[in-house]
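*Asks:*
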Amino acid sequence: MCGICAVIMENSKKDFPIGCILFKMMESQQIRAQDSTGVAIFNNGSTKEFYKIDYFRKNNGKYNPVTEKVPPERLDKTLYELTQDPDIVIASFAKEMTLVKGIGLVRDLEAKYKIKSMQGTHGIGHLRIATSSRVTPEHAHPFSTIVMPDISVVHNGEITNYSKLRSSLELQGYRLFTRCDSEVIAVFIADQLLRHGDIEKANQEFIKNADGPFTYIVATPDSLALVRDRFGARKGIFGYNPGDRNYPSFWAMATDLSALDSVGATFYVETPPPGKPKIFNNKIMIGSIPN
Amino acid sequence: MSIGGRQKKLNDADKFIIRKAVLELAKKGTPRFTSIDDDVRTLPKAASKAINLWDYVTAIGAQLSRPPYDPYRETINLDISIGRKKSRKVSLNIPLIIYSNIAINYSSLESVHLALNRLAEKGNVLGLISETEINTTKNNKRKYPLFKKVPSYRNDSVEHYQKSCPEGLVMEYKDQTSLRMLQNFRKEFDGPILVDVSEVFPMDTKIILEEGADGIIVDTDKVTKNDRYKGKHAIAVIYDARNAIKDYYKGRDENDNDNNATLVIAGDVNSAGKIIKAAALGANVIGYSTSMLIAHSNMYSEKPSNVSSIADNIYSHMVGTKGEIKGIPAALGYSDFHNLSSSDLRTSSIDASLQGNIPLEGVDRTYREMVEEIVNEYVNEKGIRLNSLETQQILRFMVSE
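Protein chains in written order, with numbering that gives the first Met the number 0: chain V, 0 to 290; chain L, 0 to 400.
Listed below in structure tokens is the structure:
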């Protein structure tokens with residue numbers, strides 16, 4: 000019953016506060032899930048010279064969020080040290096992505112991080128109701144990975160063969176930090192991107208290997224992919240808002256139609272065919288339906 | 000046995016006692032001085048052996064967030080291919096290989112052959128492991144993959160085994176001689192070679208896979224008779240066998256796409272329930288023993304037995320088994336049989352949890368994980384500093400391994 004949503008501005012427009020679009024879509028789907036929330040927003044073309052690592056440090060059962068800015072030359076050492084500490088759970092590894100998440104409703108997230116004012120080219124949001132792992136900040140979505148920066152995933156459903164996928168990724172030497180099945184998607188996609196760099200192929204591979212009912216959205220620095228399992232057991236829709244003189248055009252995707260309604264993305268509303276990833280990138284022409 | 004005019008079915012203990020009494024009488028030529036009841040009282044070992052851990056393992060069904068698939072509408076995949084990167088692949092539609100674990104008469108083998116042919120015609124391809132050749136006529140050609148058994152005591156060349164055009168070979172591994180044989184056969188034979196490691200398990204699995212074996216066969220009945228597995232159950236053998244294959248792949252080049260070594264589990268796995276549990280513990284293919292297959296197929300048969308009627312029964316039994324092994328993963332929320340894992344199982348037995356690393360019912364954690372948590376809490380509370388080796392030693396002591 001989780002709720003997922005995403006927005007991508009047409010023509011890489013990045014000075015618009017897309018956080019407010021995500022906030023509206025999340026609020027309209029809040030009825031689906033109330034345990035935890037999170038967003039990841041991308042600012043395409045950012046020239047930041049350092050990496051940002053967000054992590055939770057467990058201390059007497061409490062989770063303290065910490066952010067570390069790391070220059071490239073110290074990256075390997077820092078990641079190694081962080082992964083050696085059993086009390087640290089890495090939540091985000093980014094260069095241009097801002098990922099925030101926590102327990103509570105979307106309005107709590109707004110109060111804490113001011114997500115409505117966050118600007119960017121595209122972003123994803125999630126509302127979680129826990130079915131298979133604990134309700135803690137580390138288990139909130141979006142999920143990121145240390146395999147490569149700027150990958151984030153929001154997911155609705157269940158990857159039933161999660162244990163098998165996880166153990167095969169661990170066998171390859173990848174580190175996973177939580178017991179949530181959604182983290183496996185992020186690591187799997189990152190692994191695939193390292194192999195061939197093709198986001199569509201990466202998602203097709205995931206569909207081939209994963210079992211169970213799921214819909215997820217994966218965000219990379221230049222794309223969003225809306226993916227449904229091969230039987231289409233979980234819903235996922237997208238729609239287009241053509242914008243006007245004061246409002247830029249964008250594509251939005253969500254679990255519920257109400258979310259698209261709430262932001263006016265009511266043109267070309269469609270659902271991706273089961274098992275066929277729908278890829279959106281920043282180069283979409285106005286009014287066109289992406290391939 | 001007839002009691003009061005009614006037939007009573009003998010259980011294993013009854014049979015054992017009667018057989019023992021008859022053997023004693025035959026050997027000594029004198030009647031027994033003790034009653035059969037005394038034998039029953041002195042049977043604690045037999046009784047404890049009768050505790051079958053399979054019965055303490057259940058599968059967790061689909062839930063709200065993980066609905067079951069409908070095996071009639073949605074395809075539940077059972078297909079598997081045997082053969083690693085460099086070998087020719089052999090595909091099965093049902094992950095079962097009929098495994099001649101004991102010598103059976105020719106007519107029984109003929110029945111198996113007929114049944115497997117009929118199954119293959121209907122798109123249900125299973126494999127057969129056999130040492131004996133089946134004479135096939137023009138109308139009765141083999142339509143299923145044959146894995147020709149290479150006995151360890153024979154010293155024939157690979158050409159000898161290729162006469163019957165088998166799709167694969169099965170070699171018995173005993174010692175260095177078997178290893179040399181494997182090396183030679185690997186050079187000459189391009190199909191999959193499975194190696195039966197039951198005699199030496201868990202030793203040498205890595206070497207066998209390094210020498211090019213496409214998979215290993217582990218007979219749980221044989222292995223649990225080894226000293227190393229005394230008192231342990233088939234569950235422990237399957238779990239260890241899967242880990243042995245994982246260990247082989249650990250740290251290998253992830254890009255060589257060779258992750259397909261097959262684990263065939265034979266022996267104690269002879270019903271759909273056990274097939275599912277064995278697959279969840281790590282088996283890729285089940286070696287279904289010929290003797291058990293024929294026994295199961297004829298259990299309720301009222302027809303007079305002949306080659307054709309036994310073949311009919313085997314056919315029906317396998318179709319039924321296929322339905323069950325499709326239906327159970329679907330009920331667990333899987334569209335692929337091979338996606339089952341031990342996290343789908345729960346057990347009420349500490350023994351089963353320890354031997355197969357299966358989560359305990361109610362707590363969803365393995366017994367080992369629970370003990371580990373208690374040890375960690377205690378160590379933290381007391382401010383004791385332990386390295387990982389010391390922690391493992393304490394854990395082993397706590398779980399009496």
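A virtual CB, placed ideally from N, CA and C, is assigned to each residue, including glycine.
Considering Phe4 (chain V), what are the terminal residues of the alpha helix (DSSP H) in which it resides?
*Replies:* What you label residue 4 (chain V) is simply residue 5 of the first sequence in a count that begins at 1. In the sequence on display, residue 4 (chain V) carries Cys and not Phe. Not the alpha helix (DSSP H): Cys4 (chain V) falls in the beta strand (DSSP E), residues 2-8.
*Asks:* Going along the chain, which residues of the stretch 223-242 of chain L sit with their C-beta nearer than 8 Å to a C-beta in chain V?
*Replies:* Within the stretch 223-242 of chain L, no residue qualifies.
*Asks:* Contact check, Ser91 (chain V) vs His140 (chain V) under 8 Å by CB: the rounded distance?
*Replies:* Translated into positions along the first sequence, residue 91 (chain V) becomes position 92. Translated into positions along the first sequence, residue 140 (chain V) becomes position 141. Their Cβ separation, rounded to whole angstroms, is 11 Å, which puts Ser91 (chain V) and His140 (chain V) out of contact at 8 Å.
*Asks:* From which residue to which residue does the beta strand (DSSP E) around His112 (chain L) run?
*Replies:* Residue 112 (chain L) sits at position 113 when you count from the first residue of the second sequence. Looking at the DSSP string, His112 (chain L) is not in any beta strand (DSSP E); the run it does join, the alpha helix (DSSP H), is 105-120.
*Asks:* Exposed or buried, Lys325 (chain L), counting other C-beta atoms within 10 Å across all chains shown (16 or more means buried)?
*Replies:* Counting from one through the second sequence, the residue named residue 325 (chain L) turns up at place 326. Buried.
*Asks:* Assign Cys4 (chain V) to buried or exposed, taking buried as 16 or more other Cβ atoms, counted over all protein chains shown, within 10 Å of its Cβ.
*Replies:* As a position in the first sequence, residue 4 (chain V) is number 5, starting the count at 1. So Cys4 (chain V) counts as buried.
*Asks:* Just to confirm, is the Cβ distance from Pro148 (chain V) to Tyr50 (chain V) under 8 Å?
*Replies:* Counting from 1 along the first sequence, the entry for residue 148 (chain V) is found at position 149. Counting from 1 along the first sequence, the entry for residue 50 (chain V) is found at position 51. Cβ atoms of Pro148 (chain V) and Tyr50 (chain V): closer than 8 Å.
*Asks:* Hey, does Ser64 (chain L) have any beta-carbon neighbour from chain V nearer than 8 Å?
*Replies:* Counted from its first residue, the second sequence places residue 64 (chain L) at position 65. True, the Cβ-Cβ gap to chain V drops below 8 Å.
*Asks:* Since Leu181 (chain L) contacts Ile207 (chain L) with CB under 8 Å, what's their CB separation in whole angstroms?
*Replies:* Numbered from its first residue, the second sequence carries residue 181 (chain L) at position 182. Numbered from its first residue, the second sequence carries residue 207 (chain L) at position 208. So it is a contact: roughly 7 Å between Cβ atoms.
*Asks:* List the endpoints of the continuous beta strand (DSSP E) containing Arg345 (chain L).
*Replies:* Here residue 345 (chain L) refers to the residue found at position 346 of the second sequence. Where Arg345 (chain L) is concerned, the enclosing beta strand (DSSP E) stretches over 344-346.
*Asks:* Residues of the stretch 350-376 of chain L in Cβ contact with chain V at a cutoff of 8 Å, in chain order, please.
*Replies:* Listed in sequence order: no entries.
*Asks:* For Thr204 (chain L), does the count of other Cβ atoms within 10 angstroms reach 16, so buried, or fall short, so exposed?
*Replies:* Taking the second sequence and counting its residues from 1, the one referred to as residue 204 (chain L) is at position 205. With 16 or more other Cβ atoms within 10 Å, it is buried.
*Asks:* Report all residues from its chain with a CB closer than 7 Å to the CB of Pro273 (chain V); omit the five preceding and five following residues, and keep chain order.
*Replies:* Taking the first residue of the first sequence as 1, we reach residue 273 (chain V) at position 274. For Pro273 (chain V), where only same-chain residues beyond five positions count, the Cβ hits under 7 Å are Arg227, Asp228, Arg229, Phe230, Gly231.
*Asks:* At the 8 Å Cβ level, is Lys245 (chain L) part of the contact set with chain V, yes or no?
*Replies:* The residue given as residue 245 (chain L) occupies position 246 in the second sequence. At least one chain V Cβ lies under 8 Å of Lys245 (chain L).
*Asks:* Output needed in chain order: residues of the stretch 317-332 of chain L with a Cβ under 8 Å from some Cβ in chain V.
*Replies:* Within the stretch 317-332 of chain L, the qualifying residues are Leu331, Gly332.
*Asks:* Three-state secondary structure (DSSP) at Ile68 (chain L)?
*Replies:* As a position in the second sequence, residue 68 (chain L) is number 69, starting the count at 1. It is Tyr, not Ile, that sits at residue 68 (chain L) in the sequence shown. In this structure, Tyr68 (chain L) counts as coil in the three-state DSSP scheme.
*Asks:* Beta-carbon within less than 7 Å of Ser341 (chain L)'s beta-carbon, same chain only, minus the 5 sequence neighbours each way: which residues are those?
*Replies:* Taking the second sequence and counting its residues from 1, one reaches residue 341 (chain L) at position 342. Excluding sequence neighbours, Ser341 (chain L) sits near Ala279, Leu280, Gly355, Asn356, Ile357.
*Asks:* Excluding the five sequence neighbours on either side, which residues of its own chain have a C-beta within less than 7 Å of the C-beta of Leu23 (chain V), listed in chain order?
*Replies:* For the purposes of this step, residue 23 (chain V) is taken as residue 24 along the first sequence, with counting starting at 1. Before going further, note that residue 23 (chain V) is Lys rather than Leu in the sequence given. Answer for Lys23 (chain V): Ser261, Val262, listed in chain order.
*Asks:* To the nearest angstrom, how far is it from the Cα of Gln191 (chain V) to the Cα of Ile150 (chain V)?
*Replies:* One-based indexing of the first sequence puts residue 191 (chain V) at position 192. One-based indexing of the first sequence puts residue 150 (chain V) at position 151. Spanning the two alpha carbons is a distance of roughly 12 Å.
*Asks:* Name the chain V residues whose beta carbon is nearer than 7 Å to that of Tyr248 (chain L)?
*Replies:* Your numbering for residue 248 (chain L) matches position 249 in the second sequence. Here the neighbours are Leu170.
*Asks:* Which of the three DSSP states is assigned to Leu168 (chain L) in this structure?
*Replies:* Taking the second sequence and counting its residues from 1, one reaches residue 168 (chain L) at position 169. In this structure, Leu168 (chain L) counts as strand in the three-state DSSP scheme.
*Asks:* Indicate whether at least one CB of chain V lies closer than 8 Å to the CB of Ser342 (chain L).
*Replies:* Looking up residue 342 (chain L) in the second sequence gives position 343. Judged by the 8 Å Cβ criterion, Ser342 (chain L) is in contact with chain V.
*Asks:* Cβ atoms of Ile123 (chain V) and Pro88 (chain V): under 8 Å apart, would you say?
*Replies:* The residue given as residue 88 (chain V) occupies position 89 in the first sequence. The residue given as residue 123 (chain V) occupies position 124 in the first sequence. According to the sequence provided, residue 88 (chain V) is Val. The question's Pro does not apply to it. Going by C-beta atoms, Val88 (chain V) is not nearer than 8 Å to Ile123 (chain V).
*Asks:* Output yes if chain L places a C-beta closer than 8 Å to the C-beta of Phe176 (chain V); else output no.
*Replies:* Here residue 176 (chain V) refers to the residue found at position 177 when the first sequence is read from its first residue. Chain L, which has no Cβ nearer than 8 Å to the Cβ of Phe176 (chain V), makes this no.
*Asks:* Classify Ala110 (chain V) as buried or exposed, calling it buried when 16 or more other Cβ atoms lie within 10 Å of its own Cβ.
*Replies:* By 1-based counting over the first sequence, the position of residue 110 (chain V) is 111. When all chains shown are included, Ala110 (chain V) counts as exposed.
*Asks:* If we ignore side chains and look at the alpha-carbon of each, how far apart do Asn386 (chain L) and Glu380 (chain L) end up?
*Replies:* On the second sequence, position 387 is the one that residue 386 (chain L) refers to. On the second sequence, position 381 is the one that residue 380 (chain L) refers to. If I take the Cα positions, the gap works out to 16 Å.
*Asks:* Please list, in chain order, the chain L residues whose beta carbon lies closer than 9 Å to that of Lys163 (chain V).
*Replies:* Translated into positions along the first sequence, residue 163 (chain V) becomes position 164. By Cβ distance, chain L contributes His337, Asn338, Leu339, Ser340, Ser342.
*Asks:* Closer than 6 Å by C-beta to Pro212 (chain V): which residues in its own chain qualify, once you throw out the five before and the five after it? Chain order, please.
*Replies:* On the first sequence, residue 212 (chain V) is found 213 positions in, with the first residue counted as 1. Cβ within range, chain order: Gly156, Asp228, Ala232, Arg233.
*Asks:* Is there at least one Cβ from chain L nearer than 8 Å to Phe230 (chain V)'s Cβ?
*Replies:* Within the first sequence, the letter at position 231 stands for residue 230 (chain V). With 8 Å as the cut-off, Phe230 (chain V) counts as an interface residue toward chain L.
*Asks:* Can you give me the Cβ contacts of Glu132 (chain L) inside the same chain, cut-off strictly under 7 Å, excluding the 5 residues immediately before and after it?
*Replies:* Counting from 1 along the second sequence, the entry for residue 132 (chain L) is found at position 133. The residues are Ser163.
*Asks:* State the Cα-Cα distance for the pair Gly266 (chain L) and Asn283 (chain L), rounded to the nearest angstrom.
*Replies:* Your numbering for residue 266 (chain L) matches position 267 in the second sequence. Your numbering for residue 283 (chain L) matches position 284 in the second sequence. Roughly 14 Å separates the two Cα atoms.
*Asks:* Using alpha carbons as the reference points, say which of L:Leu359, L:Ile79, L:Glu109 lies closest to Val263 (chain L).
*Replies:* Your numbering for residue 263 (chain L) matches position 264 in the second sequence. The shortest C-alpha separation from Val263 (chain L) is found at L:Ile79.
*Asks:* Can you tell me the Cβ-Cβ gap for Gln29 (chain V) and Ser257 (chain V), rounded? I've got them flagged as a contact below 8 Å.
*Replies:* Here residue 29 (chain V) is taken as the residue at index 30 of the first sequence, counted from 1. Here residue 257 (chain V) is taken as the residue at index 258 of the first sequence, counted from 1. So it is not a contact: roughly 10 Å between Cβ atoms.
*Asks:* Taking the alpha-carbon positions, what's the His337 (chain L) to Arg241 (chain L) distance?
*Replies:* Position 338 of the second sequence, counted from the first residue, corresponds to residue 337 (chain L). Position 242 of the second sequence, counted from the first residue, corresponds to residue 241 (chain L). Going from the Cα of His337 (chain L) to the Cα of Arg241 (chain L) covers about 13 Å.
*Asks:* Taking the alpha-carbon positions, what's the Asn10 (chain V) to His138 (chain V) distance?
*Replies:* As a position in the first sequence, residue 10 (chain V) is number 11, starting the count at 1. As a position in the first sequence, residue 138 (chain V) is number 139, starting the count at 1. So the alpha carbons of these two residues sit roughly 33 Å apart.
*Asks:* Give the interface partners of Glu158 (chain L) over in chain V, defined as CB-CB distance under 7 Å, in chain order.
*Replies:* Your numbering for residue 158 (chain L) matches position 159 in the second sequence. By Cβ distance, chain V contributes nothing, its closest Cβ being about 38 Å from Glu158 (chain L), past 7 Å.
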